[in-house]
Amino acid sequence: MNVQAKDSKLSTIGDYYSATQLRADRWSALRETVEALQVGGIEGRQGKKHLAEAEMLFDALAPIECYWAFPGAHAFDSMSRMLASRNIQELSHAVRRVSRALTSGAYRRRSIPIIGEDSDADDFEDESTLPPEARALGRPYFEVLIVDSVNEHQERFLRNNLHRVRRAEDPFIYEPVVVSSLEDALIGILFNHNVQAVVVRPGLTLKSKNALPILNQYLSHMTGNEDVDGLQPSDYGPETCRLIAKVRPELDAYLITDRSAEDIAGHDLGKCRRVFYNQEDFLELHLNILRGVQRRYKTPFFSALVEYSKQPTGVFHAMPISRGKSISRSHWIQDMGAFYGPNIFLAETSATSGGLDSLLEPRGPIKEAQEYASRAFGSKQTFFATNGTSTCNKIVVQALVRPGDIVLVDRDCHKSHHYGMVLAGANVVYMDSYPLHEYSMYGAVPTNEIKHHLLKLKAAGKLDRVRMVLLTNCTFDGLVYNVQRVMEECLAIKKDLVFLWDEAWFAFAAFGPTYRQRTAMGVANEMRVRLRSPEHVKAYEAQKKKLEGADDDKLLKTRLLPPPDARVRVYATQSTHKTLTSLRQGSMIHVNDQDFKGEVEQAFHEAYMTHTSTSPNYQIIASLDVGRRQVELEGFEFVQRQVESAMAIRRAVASHPLLQKYFKVLTAGDMIPEEFRESGIESYYNPEKGWSDIWDIWTSDEFVLDPTRVTLAVGGTGWDGDTFKTKILMDKYGIQINKTSRNTVLFMTNIGTTRSSVAYLIEVLVEIAHELDDLLDDASKMEKRSFENRVSALVEHVPPLPDFSRFHDAFRDGEDTPEGDIRKAFFLAYDENQCDYLNLDDKLMQRLEAGEELVSASFIIPYPPGFPILVPGQVISPEILAFMRALDVSEIHGYRPDLGLRVFTKAALKALIK
Ligand SMILES: Cc1ncc(COP(=O)(O)O)c(C=O)c1O
C-alpha cells in the first residue's frame, strides 16, 4: 500500500521531519480510527472508510515497529490479525493500551500485556509526572539491538535466553530488539533512541528489507560515501561496529564472531567494547551490557557529594551555610531553608577530602568526572569551570597567547575574548563577519576573509607570530561554520595554528550525528586520522605541485589542503548550562591539541589558576557530572526532539497565512548569502516542497543555520525587537527570550522544549496577529499611516552595520597588516589625563568626515547587538558614528551619555607614535 497517500489520518511522510514523530502520530491516529470503528461499527460507508484507514495505518507502521521493543513485532502482528479477523473490541483495547503506554512511558517501568487483561484497571501515569523519588527508585530502562538474521524460533531462543539471565540486583532493565542486517542496525540506532547497546552476531546480512523513505534517508547519510555494497559477508560484523562508532559513538557495540581472534584484530571495530567467540554465553553478554551502561551512568563527583552529605560531620571551617546550620538556627531566614530543602545545604562544604576533591588540583572524583566528560564530548582533556564560558575563554587565551602574538578574531565575538586579548597582550586582527543589514545582525566570517588575512601576514613576514584563530561556532543567531574547511585551509597556510572555537551555544551538538560533523572536537578527531592517511598525502602532494608559484588570488580561489604533518591543535569552550543540564555558570573547556602535553600544559595550569576561584561551587560541578551522564545516555534523543520542536515552529509559521502577514521565520536564504550556500537550498521547510534534507546541506555549505535557533522577523508588527520581547511576549504572555535585534527576536529551543510549549508559542503568535488585524480594521487613516511608518522604519530604514575600521597607528606595528596592540590602548585609558569626551553630535560627524582621526579609549558595546562596535585604540569612522547615533537602544555599555564618547587626546597618541 502507498504509505505516501494523503489522507485525513495518514499525513504524507513529507509532512514529517522525523520518523519518531511520525510514529507517535500514527499510533494516535490508529487509536482514533479503531475507536471510531468500535463506536460506529464496520458496516456502511463510514465503517469501510475507517477499516481502510486502519489497514493503511498498520501497513505504514509495520516497517517502523520492527525497530522498537515495545509493543514488539509479536504483539504488533497479533493486533494486525485482530483487524484482519475484525475483532474490533479486542483490537481497540490493545491499541489503546499501546498508544497510552507509548505516550506515558509506562512500558519502561513494567511489562504491558496487550491482550486479555483489563487495561482500564491500570493507571498509566505519565512518567514525567511521577514524583522524583518514585522515578529515582525505578530501574532505568533501555533496549538492546541484536543484529542477526534469524527465524521466529531462533529469535524466541535469543530473547528467552536474555530474559533468563536477568537478576534481581541488576541496576537496569532492558529488552532486546532483533533486526537482521547491517542496514537495519544503522536505521535502528538512528531511529530508536532507547537503544544503548548493539550486539552484532555472525548471521547478519547486509541489506534492509524495509523501504520507507524516511528511514532510508537516515541510511543513505550514514553510508553515503562508504562502499558497503562491496563487502564480504564475513566483514559485515566488523563493518557494522565501525559504522556504529561513527554514527553514535556513545553506544556500546559487542561483536560476536566465529572468525579467529587474529583475523578480527586486523579490523577497525570502532568503539566495540568486547568481542565474544562464544555465541551462547548469555550471562557474560548480559553482564557486559549492564557494565557498559553503568560506565556511562556513573557520576563520580555527584555520587561522592551525595555520600558526603549523608555523613555526620562537625563543621569547623568557614562556611556557616554548610549543613544548613546558619539557617536552621536563624529566626529570620527560615524561608530560604524551606525553599531549597535540606539536601543542597548538606551538600555545601568547602572540604576537599572525605571522598570529595579539589577542582584546582583534581585527583579523585572531579578528575574522574572530567575524564568521563572528555570521553563524552570527544576531547583529549576536559576541564570543568564554575564561572561560565566567559572564564573558559580567558583561560584558553591566556594559556596559549603570549604578549605580541597575533590572534585572528571575529569582531562580533563575545566580550570575554576581547578582555582575554587585553590580558594576554595579543596583537589582534579583527575579522569582519558578513553583515545582515536588513536584520541588524552580523553573520559569520567567510573562510576567504580569514585566508586573506593570513596571506597578508605571510607576505609581511609575520606568519611566525600568528598564534591563533578564534571563532564563534555557532553564533548567537545560529550560524554554523564549516569547521573542517576553516581549519584545513588555515593549516594549509600555517601548519601549527591553534584554533579556539567558542561553542558557548553548541555543547549539545556532539550528540547529533549531523551536528557533530561541525563541532571542534568532532572535526579534530577526524583530522587526526585523515591528515595521516595515504589518500590525503597523495592529494596534498598533487595540490602542492599544482599550486607552485600560485599568487594569492589563486590561493584564495582554491580549497587548500593542509600538509600531512600539520598539527591538530583545537580548543572548544562550552557553556554546558546554556544548552544541556547544568546549573548556571557550569561550563567546560575541551582540548584536542597534539602539542598540549609538550607545550601548553604548564601554561594552561597557570591560566586555570589565574581565573578559577579557590572556592568553586560543588553544586555546579555535580551538575556538570550529571549533565554528562544525561547526554551519554539520552543526548541523542533529546537533541533529536529539540530539532523536531524547532522544525515544528518553522513549519507552523511558514504555513499559517495569518502569521505570514506579520511574521517571518528567517531561513538560511535570509541569513546566509547565496555564495556561501553551495547546496542552493533556501530553507529547511517549504510549504510546497516539504522538508529539505538537512544532512546534505550540512555536508556541503560553507555556513549553515542551526535549526534549533529560530529567528522571527517582527518588524511587520510595528514593534521593534526589544519592545516585542518585553512588552508583548514577556509582560503579556510570560514567554521569555533573551536575544533581539532591531526587528527580530530569537526563540531558542532547548533539550527541555516540549511539543506543548511549541504549540503555546504558535497560539500566542496567532493571537497577536489576530489582535493586530482587529486593531488595523478599526484604525483611522492616521493610525494606519502611523503603523505603516513604524513598520517601514523597522524594515526598510535600518542603519547599516559598520565594519571594523582599524587600529590607530599608535597601536600598530607597521601599516601592511592590521593587527593592533589592544592592551596598550586599554591601559593607556587608565590615565584620565590622556582621555577626552566628545558628544555624538553633528559637529563630531563633520570632524570625522573632514578626515580627523579620533580614537576610542574604551569598549563601546550596544545591546543589542551585544558586541563592541568600538574597542580601545580603534579609529572612529563616520559609519560607526552614524550607526551609534541611529541606534535606539537603551543600553550602551562603555558610553556615558552625560559625558559623551571617551577618546584619546591628540597628545597621548602623538607621544606614542614618536
Ligand atoms: C558566544 C558566547 N561566548 C561566551 C559566552 C559567555 O558564556 P557564559 O555566560 O557561560 O559565561 C556567551 C554568553 O552569552 C556567548 O554568547
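Take 6 as the starting number for the sequence shown in my numbering and just add one per residue. Ideal Cβ positions, reconstructed from N, Cα and C, are used throughout, including at glycine.
First and last residue of the uninterrupted alpha helix (DSSP H) at residue i
i, result
"Asp570", "Here Asp570 belongs to no alpha helix (DSSP H), and DSSP marks it neither H nor E."
"Leu191", "187-196"
"Tyr623", "623-660"
"Ser33", "24-45"
"His55", "49-70"
"Tyr345", "339-345"
"His79", "78-89"
Cut-off 6 Å between Cβ atoms - residues of its own chain near residue i, not counting five sequence neighbours on either side
i, result
"Met87", "Glu95, Leu96"
"Ala913", "Gln839"
"Ala514", "Tyr520, Thr524"
"Pro883", "Leu853, Glu854"
Residue interval of the beta strand (DSSP E) (run including residue i)
i, result
"Thr519", "Looking at the DSSP string, Thr519 is not in any beta strand (DSSP E); the run it does join, the alpha helix (DSSP H), is 518-521."
"Leu717", "714-718"
"Arg279", "279-281"
"Cys495", "Element bounds for Cys495: not the beta strand (DSSP E) but the alpha helix (DSSP H), 488-498."
"Arg472", "471-477"
"Leu710", "708-710"
"Arg533", "Not the beta strand (DSSP E): Arg533 falls in the alpha helix (DSSP H), residues 525-535."
"Gln237", "Per DSSP, Gln237 belongs to no beta strand (DSSP E) and is neither H nor E."
"Val149", "146-152"
"Ala390", "386-390"
beta-carbon residue i near ligand 1 non-hydrogen atom, thresh 7 Å
i, result
"Thr210", "no"
"His419", "yes"
"Ser580", "yes"
"Ser810", "no"
"Asn398", "yes"
"Asp711", "no"
"Thr619", "no"
"Thr477", "yes"
"Asp783", "no"
"Ser109", "no"
"Ser592", "yes"
"Asp482", "no"
"Ser746", "no"
"Gly632", "no"
"Asp175", "no"
"Ala577", "no"
"Asp507", "yes"
"Thr586", "no"
"Ser395", "yes"
"Trp703", "no"
"Trp337", "no"
Contacting residues, own chain, Cβ-Cβ under 7 Å from residue i (five flanking each side not counted)
i, result
"Ser124", "Note on Ser124: pLDDT 49, under 50, position unreliable in the model; no value is reported."
"Val636", "Ala381, Phe516, Leu585"
"Glu373", "Pro305"
"His813", "Glu858, Val860, Gly878, Val880, Leu914"
"Ala59", "Leu35, Thr38, Val39, Leu42, Leu88"
"Ala544", "Leu566"
"Asp128", "Any reading at Asp128 is ruled out, since the residue's pLDDT is 48, under 50, leaving its predicted position unreliable."
Cutoff 8 Å; reference residue i; Cβ partners in own chain excluding five residues on either side
i, result
"Ala464", "Asp557, Asp821"
"Thr563", "Gln548, Leu552, Ala555"
"Lys456", "Glu494, Cys495, Ile498, Leu560, Leu561, Leu565"
| Between the region 321-337 and the region 264-272, are three or more C-beta pairs nearer than 8 Å? | no
| Counting pairs of beta carbons, one from the region 160-169 and one from the region 187-201, are three or more of them closer than 8 Å? | no
| request: Pick out the complete alpha helix (DSSP H) segments inside the region 852-909, 4 residues or longer, and give them in chain order. | output: 883-891
| contact_flag[the region 355-371, the region 441-459] where n(CB pairs < 8 Å) is 3 or more | Judged by Cβ distances under 8 Å, the region 355-371 makes no contact with the region 441-459, as fewer than three pairs qualify.
| field | Inter-stretch contact (C-beta, 8 Å, three-pair minimum) for the region 698-712 and the region 723-734 | value | no
| query | Counting pairs of beta carbons, one from the region 421-440 and one from the region 394-411, are three or more of them closer than 8 Å? | reply | yes
| query | How about the region 822-836 and the region 881-900: do they share at least three Cβ pairs that are nearer than 8 Å? | reply | no
| said: Ignoring anything shorter than 4 residues, give me the alpha helix (DSSP H) runs that lie fully in the region 739-813, in order along the chain. | reply: 760-782, 786-800
| request: Count the CB pairs spanning the region 171-185 and the region 150-159 that are closer than 8 Å, and state whether there are at least three. | output: yes
| message | Would you call the region 613-626 in contact with the region 573-580, where contact means no fewer than 3 C-beta pairs closer than 8 Å? | response | no
| task | Kindly confirm or deny that the region 325-333 and the region 651-668 touch, where touching means at least three C-beta pairs closer than 8 Å. | result | At 8 Å Cβ cutoff, the stretches do not touch.
| said: Does the structure place the region 747-761 close enough to the region 687-694 that three or more beta carbon pairs sit under 8 Å? | reply: no
| Segments assigned alpha helix (DSSP H), at least 4 residues, entirely inside the region 286-363 | Runs found: 287-302, 305-315, 330-333, 339-345, 348-351.
| query | Are the region 767-782 and the region 665-678 touching by the rule of at least three beta carbon pairs closer than 8 Å? | reply | yes
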